[in-house]
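Each remark here refers to the structure printed beneath this line.
Number of protein chains: 2
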Amino acid sequence: MNSEFTLAIHSLTLLALQPDRMSTSDAIAESAGVHPVRIRKVLSLLKKHGFIKSKEGNGGGFIFALDLEKVNLWDLYKTTSEGTLQPKCPESNEQCIVGANMQRVLFAIFLGAEEHMGEYLKDYTIKEVIDLINQEQ
Amino acid sequence: MNSEFTLAIHSLTLLALQPDRMSTSDAIAESAGVHPVRIRKVLSLLKKHGFIKSKEGNGGGFIFALDLEKVNLWDLYKTTSEGTLQPKCPESNEQCIVGANMQRVLFAIFLGAEEHMGEYLKDYTIKEVIDLINQEQ
DNA sequence: CTTACTGTAATAATAAACGTTACAGAATGA
DNA sequence: TCATTCTGTAACGTTTATTATTACAGTAAG
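Residue numbers (the numbering used here), protein chains in the order written: chain A, 7 to 143; chain B, 7 to 143.
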């Protein structure tokens, strides 16, 4: 699984817990244990899809833009990782009936798998993630 | 997705189409477009789990050992790729409530996702894969 | 006893992921 | 106005994961 997906979850969860002030990429990076530039790259995607707002300059940062019960993990998966379940098959032998067609068959199967996983991920909103985090305490 | 999974599917599909003779790792590698040693490594796993039989020496090779309607993609996923859906989170900040608990929460969620995907993959047996390959013709 | 295989370890090459540096642009406040 | 603190990106370097390759022991057949 693409780790941008988990960084997106992590970032949004943090932002959801700070609903009334801007959080900087440095602070989020500190919590997630990765480099701030990477966080900014992921947040740039989230902003493009309307999950968050950002503000440049002194006192700027990122803030959650939507209702945390309306954002689910499937939304985030589609934004950060769609298609990554798909295995990267090497070019196989076109002379062989299996080699020639396996790629297409697997593509269709994994597309279905991704959609099916989507149904599962839709059940987890950021609110649920926060509840789970609090249960761990 | 782990590419050993797709190599397992590819190999078993080929073997299922040659039920009455041994296939060599060279022949399978040729069809799949990868190195024979890699195929032997994957087939070694499949043998360990009883999906195939092998024979060394001249005239040897690999042959399917089970009913092709009884082997499904979830069996193969478990054999080759179990746990690979799990993202590898970096060590996050234990001082932060989110950083300290996110890893455990995500682990549980992705474990559920894998099980859920299992239900989908169980619907595809090697027989179904072969049917799909033939439909592509 | 040679040839054609599997089985597996070790190493080399390649590709993907990730971290780091650099710098432009925007907002703030002194 | 100008220093400071942010975002936004591109470019580059480093590390890690994946894959290919080499090497060789062991087995069976003819």
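All C-beta atoms in this analysis are idealised placements derived from N, C-alpha and C, irrespective of residue type, glycine included.
Contact belief for residue i with residue j at Cβ below 8 Å, rounded distance in angstroms
{"i": "A14(A)", "j": "T85(A)", "result": "7 Å"}
{"i": "S29(B)", "j": "L20(B)", "result": "6 Å"}
{"i": "L52(A)", "j": "I58(A)", "result": "5 Å"}
{"i": "P5(B)", "j": "M7(A)", "result": "Any property of residue 5(B) remains undetermined from this structure, which presents chain B solely from 7 to 143."}
{"i": "S37(B)", "j": "V104(A)", "result": "6 Å"}
{"i": "E75(A)", "j": "T131(A)", "result": "5 Å"}
Limits of the unbroken alpha helix (DSSP H) element including residue i
{"i": "G124(A)", "result": "103–127"}
{"i": "S29(B)", "result": "It is not in any alpha helix (DSSP H) - S29(B) carries neither H nor E in the DSSP assignment."}
{"i": "H41(A)", "result": "No alpha helix (DSSP H) holds H41(A); DSSP gives it neither H nor E."}
{"i": "T19(A)", "result": "9–23"}
Where residue i sits in the DSSP three-state scheme
{"i": "K94(A)", "result": "coil"}
Through-space distance from residue j to residue i, alpha-carbon basis
{"i": "V135(B)", "j": "S9(B)", "result": "17 Å"}
{"i": "A141(B)", "j": "M108(A)", "result": "A small fix is needed here, since residue 141(B) is Gln in this sequence, not Ala. Each residue's alpha carbon lies about 11 Å from the other."}
{"i": "R27(B)", "j": "A71(B)", "result": "12 Å"}
{"i": "K47(A)", "j": "H41(A)", "result": "10 Å"}
{"i": "A119(B)", "j": "N99(B)", "result": "25 Å"}
{"i": "S60(B)", "j": "I69(B)", "result": "6 Å"}
{"i": "E97(B)", "j": "A106(B)", "result": "9 Å"}
{"i": "D144(B)", "j": "T90(B)", "result": "Any answer about residue 144(B) is impossible in this case: the structure gives chain B only from 7 up to 143."}
{"i": "D137(A)", "j": "Y126(A)", "result": "17 Å"}
{"i": "D6(A)", "j": "W80(B)", "result": "This structure cannot speak to residue 6(A), because chain A is shown only from 7 to 143."}
{"i": "G63(A)", "j": "C95(B)", "result": "30 Å"}
{"i": "G67(A)", "j": "L82(A)", "result": "20 Å"}
{"i": "G65(A)", "j": "L23(A)", "result": "18 Å"}
{"i": "S50(B)", "j": "G56(A)", "result": "48 Å"}
{"i": "N78(B)", "j": "F11(B)", "result": "12 Å"}
{"i": "I115(B)", "j": "K133(A)", "result": "14 Å"}
{"i": "V43(B)", "j": "F113(A)", "result": "25 Å"}
{"i": "D32(B)", "j": "P25(B)", "result": "17 Å"}
{"i": "I139(A)", "j": "Q101(B)", "result": "14 Å"}
{"i": "H16(B)", "j": "L117(B)", "result": "26 Å"}
{"i": "G39(A)", "j": "E121(B)", "result": "28 Å"}
{"i": "K54(A)", "j": "K54(B)", "result": "48 Å"}
**Q.** Runs of beta strand (DSSP E) lying entirely within the region 43–93 of chain B, each at least 3 residues, in chain order
**A.** 58–61, 67–70
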